[in-house]
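Trainee: One structure, as C-alpha cells, below. Some questions next.
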Amino acid sequence: MQHKQVIIIGGGPAGLAAALELYHNGVTDILILEREKHLGGILRQCIHDGFGLLRFKESLSGPEYAQRFIDEIDRLHIPYLTDVTVIDITADKKVLAVSKQGLLEFQAEALALTMGCRERTRGAISIPGTRPAGIYTAGVAQSYINLANTMPGKNVVILGSGDIGLIMARRLTLEGAQVKAVFELQPYPSGLPRNIAQCLNDYDIPLFLSHTVIDIKGRSRLEGVTVAAVDENFAPIPGTEKDYPCDTLILSVGLIPENELSLQAGVELDQRTKGALVDDSYQTSRPGIFVAGNVLQVHDLVDFVSAEAEKMALGIVAYLHSDSSQSTHLTIRGDASITHTVPQRVSGKKDFILSLRPSRPAQNCAVQICQNERVIATQTFRKVLPAEMIQIPVAANLLAEAGDLEVRIAC
Amino acid sequence: MKDQLYDVVIIGAGVIGSAVARELSRYRLRIAVLEKELDVACGNSSRNTGVLHGGFTYRPGSLKAECTVEGNREFDQVAKELDVPFKRSGKVVVGFNDEDMRNILKFKQIGETNGVRGLEIIDKDRLYRIDASAGGEFAMYSPDSGILNPMQYTIALAENAHANGADFFFASEVTAIDNSTGRYRISAGDKCFSSRWVINCAGMNCVAISEMLGISGHQVKGFKGEYFVLDKKAGQYLNIPVYPAPNAKGGFSTHATPTIDGNVLIGPDSYLTDDPDDFAATREHMQGLIEDGAKMFKHIKRDFFIRNFAGTRWKRVDPDTGEILDFLIETRTDKPGIVNLIGIESPGLTCALPIARRVVGKIRDREQLAPKPSFNPVRRGITPFAGQPRERQQALINADPNYGEIVCRCETITKAEILSAINNPLGVVTVTGIKNRTRATMGRCQGGYCETRIAALIQETLGSKETEIRYQHAGSYLFTGKVREDDHAA
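Chains A and B, in that order, are what the protein sequence lines are.
So for the first sequence, this note's numbering puts the first residue at 1; every next one is plus one.
So for the second sequence, this note's numbering puts the first residue at 412; every next one is plus one.
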C-alpha cells in the first residue's frame with residue numbers, strides 16, 4: 001500500500017486543474033490516476049474550438065485546451081499514471097486500482113474525485129421501438145468519428161439539443177452526412193445559444209422544440225424514426241406523428257455525473273444534480289473526499305470546470321493543514337425556478353461561488369439569495385437559460401450565523 | 412457445391428437446439444446445427460426472465476410439468492459442468508386477496524402433484540424477512556426455483572456441443588428441405604446439407620420448418636411480453652423473484668426478478684402478436700409495466716431504468732378450439748428421420764436438457780446410438796475478473812496483463828475477457844456476441860464507454876474492416892466506412 005497526500009481520480013480538465021493548483025499551493029505529494037492511455041479526458045475527442053474563451057481569452061480546441069494543462073503537469077513533474085482504472089475507494093480514503101502491472105493500493109490523506117460524467121442513454125429515457133444498430137449517444141459518435149476515424153452513418157436524426165448533439169450535427173454534416181433535424185423534448189434548447197447558431201443555423205439544420213422520438217424502426221440497421229410533437233406534460237400529441245427515414249439516430253439527452261466510486265465511499269448524493277452534496281470547500285459528506293467538475297454538476301463550459309477544480313484544490317489544502325473538517329451548518333435550497341445549487345451547504349465563514357441553473361428561460365430577472373426572509377444578495381440578468389450555468393460570488397460577511405439560504409429567480 | 416454430409420441436422424441454435432446438439436454429441440454422430448442468425452440465442456432464448464422454474468403451474472402429467480421438475484432437480488450439476496452462473500434463489504408468488512389465495516392454493520397442490528418440493532404458504536412477516544422489497548400480503552414460497560443467465564447457458568451448451576464435435580453454421584437460414592432421395596437435403600444460407608435426421612428446434616419458426624418437412628396442421632400463437640431492465644442499484648434491494656398470484660389458468664402477469672448478474676427485470680406482460688420478428692417495445696406497455704411492477708417491487712423508479720426488451724412465447728394451440736397445448740416432441744412413421752419440436756416456449760430454458768434427452772430417446776427408438784468415449788461434459792467459460800477475491804485478481808493479471816486493463820467500466824470487464832470473447836470457440840464476431848459472453852455494454856452506461864473500445868478490439872484482433880463489424884443481425888453494420896481514407900501520399 002502506497003501512501004499519497006492527495007490522489008486525484010480522473011485526468012480530465014477537473015483533475016488536471018486540481019493537480020496544478022495543489023502543486024502551486026505546496027501540496028506536491030500528488031498522484032493522478034487516469035484510465036485512458038492519455039491525460040485530457042473527454043476533451044481529447046472535442047476537436048472543435050470554443051474552449052478557453054474565458055480562461056485564456058482565445059478559442060482553443062479541446063485537445064489544445066487540455067494540452068496547456070498537461071504541458072504544465074509535465075514541466076512540474078507532477079506524477080500521474082495512465083491505463084489505470086480505479087475500481088474501489090473507501091470512506092477512509094483507500095484506493096484500489098487495476099493496471100497491467102497488477103492491483104495498486106493507495107492510502108491517501110485526501111481524495112479528489114474528478115471522474116466526469118456519462119451520457120444518458122436510450123434505455124434511461126425508454127424510447128419505444130426495435131433495437132437495431134445505428135443508435136449512438138452523441139459522445140460515442142464523436143469518439144467514433146474523431147478518435148477512431150469511423151463514420152457511424154449517413155442519414156441522421158438527432159434527439160436532444162444538448163451541446164454535444166449540436167456539435168455532432170455540424171461535425172456529421174461537414175463529413176458528408178445528411179442531418180435531417182434536431183428534436184428537443186423541452187420547449188427551449190438545452191444547448192448553448194452559440195452552438196444553436198454555429199452548428200444548426202449556419203448549416204440550415206432545423207430544430208424542432210417540444211418534439212420527441214416515439215418509435216424506432218428497423219431490425220438490423222436503423223431504418224427510420226417516428227417523431228411527434230408533445231404537450232406540456234411531454235405526452236405525444238396524436239395526429240402530429242411524422243416518419244423520418246434515417247440510418248442513424250444520435251442521442252444528446254443529458255449527462256449524468258459518474259458517481260459509482262463516490263457511492264462506494266458512502267458519499268451522499270444530491271438527487272437533483274446526481275452529484276455529491278458539497279460544502280463551500282467542495283468537500284463531500286465524507287471528510288477528506290472532495291469533488292469538482294462534471295462529476296459534481298454538469299457544466300456548460302470547461303473553463304468553469306477548471307475554475308471549480310481550483311477552488312476544490314484550495315479546499316483540500318485547507319483540509320490538509322487544519323486536519324479538521326470545517327463545520328458546515330447553513331443549508332442552501334432553491335425553489336422551483338432553479339434546478340439545483342452547488343454547493344448545497346456552506347460554512348458561512350468564507351466567501352463562495354454559488355452555481356445554479358434556471359429551470360426555464362426567463363428575461364429581465366434577478367437571482368436572489370435570501371436568509372431569514374431577507375434578500376442578502378441579488379444579481380440581475382437580461383436573460384437566463386437552462387443551457388447556461390449561473391455563477392454568483394457570495395461574500396461571507398453578508399451571511400448571518402444561523403438561518404438556511406433560499407435561492408430563487410424573480411422576474 | 413458439394414453437400415455437407417451429416418447424420419443429424421438441427422435447425423435452430425436457441426437453447427433447445429444447443430441442448431439437443433450437446434446431448435447428441437455424447438454419441439458417434441456427425442452433427443450440424445443451422446442457425447439463421449450470427450450467434451446462438453438470438454431469439455427468445457435470450458428474451459426471457461432467466462428463471463429456473465419449479466413446475467407448479469403446469470398440468471400434472473404434461474411434458475411441461477415432467478421436464479420442468481426434472482430440469483430443476485439436475486440444474487446444480489448442469490451449471491457446474493457447463494460453468495454457468497446460477498443461483499437457487501427460491502421464488503415467492505405473492506397475493507393480495509382471497510381470490511389470489513385460492514389460486515395460490517390450487518397451484519400449490521398442482522405443484523405437489525408434479526413433485527415440486529418445499530412449497531409453503533407464508534405470511535406477510537415471513538415474506539418481509541425473505542425480501543423486504545416484495546409486495547404482497549402473503550405468498551407461496553418455492554425454495555427450489557432459481558435464476559441463471561439464459562444467454563450464457565445457451566452459449567455453454569453450444570460450446571460444449573462444439574467441443575464434442577458438433578458443427579455450428581451461422582447465417583444459415585433454412586430455405587428448402589428435400590426428401591426425395593431418402594435422405595434430407597437442406598438448403599441453408601449458401602450451403603447444402605445432407606442428413607439422415609432433421610431435428611426442428613426452430614422455436615418461433617417451428618411451424619414454418621415443420622411445413623418444409625412436410626408436416627402440416629400445427630399452429631402456434633405468439634404471446635409477447637415486454638421488460639424493463641433495472642440498474643444493479645435496484646438489484647441490491649431484491650434477492651428473490653417476486654411473482655403475482657397466477658390467474659386460474661396458471662398465467663402470471665408482470666413480475667420482478669433479480670438476474671444472476673445483479674440487475675432486476677420487470678416483466679413480462681402478455682399480449683398477442685403474429686410476427687416472429689416483433690421484438691419492439693411499445694409506449695403503452697412500458698407504462699403498464701411500471702404500474703404493475705411497482706406492486707411486486709417497492710423500489711422501482713425511473714432512475715433505475717437502463718434498457719427495454721421484449722420476447723414472445725409461441726404456444727402450441729389446437730387449430731380448431733384455440734386451446735393452449737403442451738410441448739410437442741413429435742415423430743411420425745410416415746416421416747422417418749424427423750423429430751419435430753412444436754410450441755417449445757416457457758419453461759423451455761428449464762426444460763432444455765430434459766427435452767434434449769427425449770429427442771435422443773426418439774432417435775434411439777429407431778437406431779442404435781454408440782456412445783463416444785471421448786465425450787467430455789465439462790465446459791469452462793471465460794474467467795471473469797469482477798467478483799473475484801483480490802489475490803485471484805492479482806494472479807489473473809500476473810498470468811495475463813490484459814486482465815489489468817478495464818474495458819467496460821460499469822461491469823468491470825477486462826480486455827482479457829473481451830479478447831477471449833472475440834476468439835470464442837463458435838467463431839461469433841458480433842458486438843452482441845461479445846456482450847452476451849462477457850456482460851460488456853450491459854451496465855448503466857450501455858456501452859457509452861466500452862463500445863468504441865470493443866469495436867477497435869474486433870478490428871485489431873481479426874483484421875476486420877470497419878464496415879464488416881456487426882451489432883447483432885446480418886446487415887446490422889455499425890459503420891458506413893472511414894471518415895477519411897488513409898493518407899497514401901505520405
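We put the CB at the ideal spot given by N, CA and C, even for glycine.
So which residues of chain B does residue 252 (chain A) contact, with C-beta pairs closer than 8 Å?
Mentor: Neighbours of residue 252 (chain A) on chain B: none; closest Cβ ~12 Å, over 8 Å.
Trainee: I believe residue 11 (chain A) touches residue 815 (chain B) by the beta-carbon criterion, under 8 Å. Please report the beta-carbon distance rounded to the nearest angstrom.
Mentor: So it is not a contact: roughly 18 Å between Cβ atoms.
Trainee: So, does the CB of residue 481 (chain B) fall closer than 8 Å to a CB anywhere in chain A?
Mentor: Closer than 8 Å: no.
Trainee: My understanding is that residue 557 (chain B) touches residue 582 (chain B), with C-beta atoms under 8 Å, so please give their C-beta distance in whole angstroms.
Mentor: Not quite, the Cβ-Cβ distance comes to about 34 Å (not below 8 Å), so this is no contact.
Trainee: Buried or exposed: residue 3 (chain A), going by 16 or more other Cβ atoms within 10 Å of its Cβ?
Mentor: exposed
Trainee: What number of angstroms, rounded off, separates the C-alpha of residue 511 (chain B) from the C-alpha of residue 739 (chain B)?
Mentor: 31 Å
Trainee: 8 Å is my cut-off, CB to CB: does residue 890 (chain B) come that close to chain A?
Mentor: yes
Trainee: Could I get the ranges of all uninterrupted beta strand (DSSP E) runs contained in the region 160-234 of chain A, with 3 residues as the minimum, in chain order?
Mentor: 178-184, 207-209, 211-217 and 224-229
Trainee: For residue 428 (chain B), which residues of its own chain have a beta-carbon under 6 Å away from its beta-carbon, when the five flanking residues on both sides are left out?
Mentor: 421, 444 and 612
Trainee: Would you say residue 425 (chain B) faces chain A, with C-beta separation under 8 Å as the test?
Mentor: no
Trainee: DSSP on residue 333 (chain A), reduced to helix/strand/coil?
Mentor: In this structure, residue 333 (chain A) counts as strand in the three-state DSSP scheme.
Trainee: Please state the DSSP three-state secondary structure of residue 366 (chain A).
Mentor: Reduced to three states, the DSSP call for residue 366 (chain A) is strand.
Trainee: Let's test the definition: count the other Cβ atoms within 10 Å of the Cβ of residue 562 (chain B) and tell me whether it reaches 16, buried, or not, exposed.
Mentor: With 16 or more Cβ atoms within 10 Å of its Cβ, residue 562 (chain B) is classed as buried.
Trainee: Where do the ends of the beta strand (DSSP E) carrying residue 602 (chain B) lie?
Mentor: 602-611
Trainee: State yes or no: is the C-beta of residue 8 (chain A) within less than 8 Å of the C-beta of residue 47 (chain A)?
Mentor: no
Trainee: Quick one: list the residues of chain A neighbouring residue 862 (chain B), beta-carbon separation under 7 Å, in chain order.
Mentor: 140
Trainee: Find the residues of chain A that neighbour residue 893 (chain B), judging by a C-beta separation of less than 7 Å, and give them in chain order.
Mentor: 149, 150 and 151
Trainee: May I have the straight-line CA-CA distance separating residue 630 (chain B) from residue 730 (chain B), to the nearest angstrom?
Mentor: Residue 630 (chain B) and residue 730 (chain B): Cα-Cα distance of roughly 6 Å.
Trainee: Identify which residue in B:783, B:746 and B:788 has its Cα closest to the Cα of residue 773 (chain B).
Mentor: B:746
Trainee: What are the residues in the region 725-745 of chain B lying within 8 Å of chain A by C-beta distance?
Mentor: From the region 725-745 of chain B, no residue has a Cβ closer than 8 Å to chain A.
Trainee: Using Cβ-Cβ distances below 7 Å, what residues of the region 79-111 of chain A are close to chain B?
Mentor: 83, 85, 87, 98, 99, 100, 101, 102 and 103
Trainee: Taking buried to mean at least 16 other C-beta atoms within 10 Å of its own C-beta, is residue 540 (chain B) buried or exposed?
Mentor: Exposed is the label assigned to residue 540 (chain B), since fewer than 16 other Cβ atoms lie within 10 Å of its Cβ.
Trainee: Alpha carbon to alpha carbon, what distance is there between residue 812 (chain B) and residue 827 (chain B)?
Mentor: 8 Å
Trainee: What would DSSP say about residue 901 (chain B), mapped onto helix, strand or coil?
Mentor: With a pLDDT of 44 at residue 901 (chain B), under the threshold of 50, the modelled position of this residue cannot be trusted, and the question is left open.
Trainee: Tell me, please, whether the CB atom of residue 232 (chain A) is closer than 8 Å to any CB atom in chain B?
Mentor: The beta carbon of residue 232 (chain A) does not come within 8 Å of any beta carbon belonging to chain B, so the residue lies off that interface.
Trainee: Starting from the beta carbon of residue 175 (chain A), find every residue of chain B whose beta carbon is closer than 9 Å, and list them in chain order.
Mentor: Here the neighbours are 894 and 895.
Trainee: Taking DSSP as the reference, what is the three-state secondary structure of residue 720 (chain B)?
Mentor: Three-state result, residue 720 (chain B): strand.
Trainee: On the CB-based measure, 16 or more other CB atoms within 10 Å of its CB, does residue 106 (chain A) come out buried or exposed?
Mentor: buried
Trainee: By the three-class DSSP mapping on this structure, what secondary structure does residue 71 (chain A) have?
Mentor: In the three-state reduction of the DSSP assignment, residue 71 (chain A) falls in the helix class, which pools H, G and I.
Trainee: Since residue 866 (chain B) and residue 889 (chain B) are thought to touch, with beta carbons under 8 Å apart, how far apart are those beta carbons, to the nearest angstrom?
Mentor: 6 Å
Trainee: Should residue 359 (chain B) go down as buried or exposed, given a rule of 16 or more other Cβ atoms within 10 Å for buried?
Mentor: The structure shown does not extend to residue 359 (chain B), since chain B is modelled only from 412 through 901, so no value can be given for it.
Trainee: Against chain B, does residue 144 (chain A) count as a neighbour if the rule is that its beta carbon must be under 8 Å from one of theirs?
Mentor: yes
Trainee: Quick one, which residues of the region 194-217 of chain A are near chain B if we go by CB-CB under 7 Å, in chain order?
Mentor: 214
Trainee: Please check if any C-beta of chain B sits within less than 8 Å of the C-beta of residue 359 (chain A).
Mentor: no
Trainee: Note down, in chain order, all residues in the region 110-125 of chain A with a beta-carbon under 7 Å from any beta-carbon belonging to chain B.
Mentor: 118, 119, 121, 123 and 124
Trainee: Given a limit of 7 Å on CB to CB distance, which residues of the region 466-480 of chain B reach chain A?
Mentor: So the list is empty, because no residue satisfies the distance condition.
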